[in-house]
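K.L.:
Chains R and L are the protein sequences, given in the same order. Here the first sequence is numbered in this note's numbering, starting from 1 and rising by one per residue. Here the second sequence is numbered in this note's numbering, starting from 1 and rising by one per residue. Where a beta carbon is used, it is the ideal one built from N, C-alpha and C, also for glycine. Fair warning: this is a prediction, and the values are worked out from it, not measured in the lab.
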Amino acid sequence: DTGVSQNPRHKITKRGQNVTFRCDPISEHNRLYWYRQTLGQGPEFLTYFQNEAQLEKSRLLSDRFSAERPKGSFSTLEIQRTEQGDSAMYLCASSWYQETQYFGPGTRLLVL
Amino acid sequence: GENVEQHPSTLSVQEGDSAVIKCTYSDSASNYFPWYKQELGKRPQLIIDIRSNVGEKKDQRIAVTLNKTAKHFSLHITETQPEDSAVYFCAASTVTSYGKLTFGQGTILTVHP
């Protein structure tokens, strides 16, 4: 499968715990995006990378959120000290510059 | 920043009818407008897109039109089928935003057999 993959697909955690999600983009894509989607809403931009450089972060991304893309390949998104308001679907997408963004299946996070 | 408004929020049609979903955007620098279809529990999938140097694009039963002066674009689905039932999202991005997509709120399309 050469599409975008994300792991885990589901994560249940207790408030205050840290969680980490992984995204593997399409191999030849240089851009990688993270979005968050809550029920009944469109995806909201969180951050993006071009190769290994993180070039923009949304104001939605508090200091508890951090993302990396070492070596310009896979990316991780970490949420520290999770809160109930962090419950959402976290989507990853990749593209070649401003060409079509292909989305992964998402990681659904539930914070109890 | 960019703001994208999408209407209607729900749309119910009979099989074989046409469906139209409209979006407006705020940033005149926006130059790329994709439409995504998302089925329940699935990832968003691109169904059609248009760039600002084109006024209309068609792919079989799906078409998108763009009016840059009015800053709005629309999705047209003809001869709807039950499998077209899903949530549809419009989005916009600019070159200066490095491809970051700003999405509309979504339209739940239901096609009744």
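What separation, rounded to the nearest whole angstrom, lies between the Cα atoms of Leu32/R and Thr38/R?
P.N.:
As a working note, residue 32/R is residue 32 in the first sequence. As a working note, residue 38/R is residue 38 in the first sequence. Between Leu32/R and Thr38/R, the C-alpha separation is close to 20 Å.
K.L.:
Mind checking Gln6/R: buried by the 16 CB within 10 Å criterion, or exposed?
P.N.:
On the first sequence, residue 6/R is found 6 positions in, with the first residue counted as 1. The residue is buried, with at least 16 neighbouring Cβ atoms inside 10 Å.
K.L.:
Using only CA atoms, which one of Asp27/L, Gln45/L and Glu15/L lies nearest to Ser93/L?
P.N.:
Walking along the second sequence from the start, residue 93/L turns up at place 93. Ranking Asp27/L, Gln45/L and Glu15/L by Cα distance to Ser93/L puts Asp27/L first.
K.L.:
Please list the terminal residues of the continuous beta strand (DSSP E) segment that includes Glu44/R.
P.N.:
Position 44 of the first sequence, counting from 1, holds the residue named residue 44/R. That run of the beta strand (DSSP E) goes Glu44 to Gln50.
K.L.:
Comparing the C-beta of Arg61/L with each C-beta of chain R, is any distance below 7 Å?
P.N.:
The count along the second sequence starts at 1 and reaches residue 61/L at position 61. No, Arg61/L does not count as interfacial toward chain R.
K.L.:
Counting only runs of 3+ residues fully inside the region 24-81 of chain L, write out the beta strand (DSSP E) ranges in chain order.
P.N.:
30-38, 45-51, 56-59, 62-67 and 72-77
K.L.:
Return helix, strand or coil for Thr20/R, following the three-state DSSP convention.
P.N.:
Looking up residue 20/R in the first sequence gives position 20. Residue state, collapsed to three classes: strand.
K.L.:
What are the residues that DSSP puts in a beta bridge with Ser93/L?
P.N.:
Residue numbering aside, residue 93/L sits at position 93 when the second sequence is read from its first letter. According to DSSP, Ser93/L bridges with Tyr32/L.
K.L.:
Could you work out which residues of chain L lie near Ser27/R, taking near to mean beta carbons separated by less than 9 Å?
P.N.:
Taking the first sequence and counting its residues from 1, one reaches residue 27/R at position 27. Neighbours of Ser27/R in chain L, taken as residues whose beta carbon is under 9 Å from its own, are absent, since the nearest beta carbon is some 18 Å off.
K.L.:
Output the boundary residues of the beta strand (DSSP E) element that contains Leu115/R.
P.N.:
This structure leaves residue 115/R out entirely; chain R is present only between 1 and 112.
K.L.:
Spatial neighbours of Ala88/R within its chain, please: C-beta separation below 7 Å, excluding the five flanking residues on both sides.
P.N.:
Here residue 88/R refers to the residue found at position 88 of the first sequence. Result list for Ala88/R: Arg36, Gln37, Thr38 and Leu109, in chain order.
K.L.:
Assuming Gln50/R and Tyr98/L are in contact, meaning their beta carbons sit under 8 Å apart, how far apart are those beta carbons, in whole angstroms?
P.N.:
As a working mapping, residue 50/R is identified with position 50 in the first sequence. As a working mapping, residue 98/L is identified with position 98 in the second sequence. The pair is a contact, with the Cβ atoms about 7 Å apart (cut-off 8 Å).
K.L.:
In angstroms, rounded to a whole number, what distance separates the CA positions of Ser62/R and Asp17/L?
P.N.:
Against the first sequence, residue 62/R aligns to sequence position 62. Against the second sequence, residue 17/L aligns to sequence position 17. If you take the alpha carbons of Ser62/R and Asp17/L, they lie about 45 Å apart.
K.L.:
Quick check: the region 11-27 of chain R against the region 78-97 of chain R, are there 3 or more CB pairs under 8 Å?
P.N.:
A contact between stretches requires three or more CB pairs, one per stretch, nearer than 8 Å, and the region 11-27 of chain R meets this requirement with the region 78-97 of chain R.
K.L.:
Thinking C-beta only, is Phe103/L closer than 7 Å to Pro25/R?
P.N.:
Within the first sequence, numbered from 1, the residue matching residue 25/R stands at position 25. Within the second sequence, numbered from 1, the residue matching residue 103/L stands at position 103. No; because the gap between Cβ atoms is not below 7 Å, this pair is not in contact.
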